[in-house]
DNA sequence: GATTTGACCGGAG
DNA sequence: CCTCCGGCCAAAT
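Residue numbers (our numbering): 208 to 305.
This is how it looks when you write it as structure tokens:
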């Protein structure tokens, strides 16, 4: 199984309205220490993808990349799913599996 | 093949 | 809240 495939699988399994950190996704994919690679993989993701990439945030529960256009879109998509944000920070009860 | 870069993490100060 | 630092892995230069 290719590594990107494992990551996609985990991201796709995140329930609607929940979020997970990059490190958490890496660990659930059986790739401990690959937090950074998860970010690289998602960045290589084509636009219009079916994967819920917006449900992945950093360990501080904040949306990554400052000033980027993605940040705004991600926030919008999350709010559309009922996720509540304080500034850029996501409320803890939206975490997936703790 | 070596170096830099990036949507990261955790601890220390 | 902030910055600094070392560790991490693959892709791009």
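Idealized CB from N, CA, C, for every residue including glycine.
What do you get for residue i, buried or exposed, if any count of 16 or more other CB atoms within 10 angstroms of its CB means buried?
{"i": "residue 283", "result": "exposed"}
{"i": "residue 290", "result": "buried"}
{"i": "residue 281", "result": "buried"}
Is residue i near residue j, with beta carbons less than 9 Å apart?
{"i": "residue 219", "j": "residue 230", "result": "no"}
{"i": "residue 226", "j": "residue 303", "result": "yes"}
{"i": "residue 236", "j": "residue 216", "result": "yes"}
{"i": "residue 262", "j": "residue 238", "result": "no"}
{"i": "residue 248", "j": "residue 210", "result": "yes"}
{"i": "residue 297", "j": "residue 264", "result": "yes"}
{"i": "residue 287", "j": "residue 278", "result": "no"}
If you follow the alpha helix (DSSP H) that residue i is in, where does it begin and where does it stop?
{"i": "residue 211", "result": "210-219"}
{"i": "residue 234", "result": "229-235"}
{"i": "residue 286", "result": "276-287"}
Kindly indicate which residue of the options has the alpha-carbon position closest to the one of residue i.
{"i": "residue 301", "options": "255, 281 and 268", "result": "268"}
{"i": "residue 223", "options": "279, 248, 209 and 258", "result": "258"}
{"i": "residue 221", "options": "260, 277, 281 and 293", "result": "260"}
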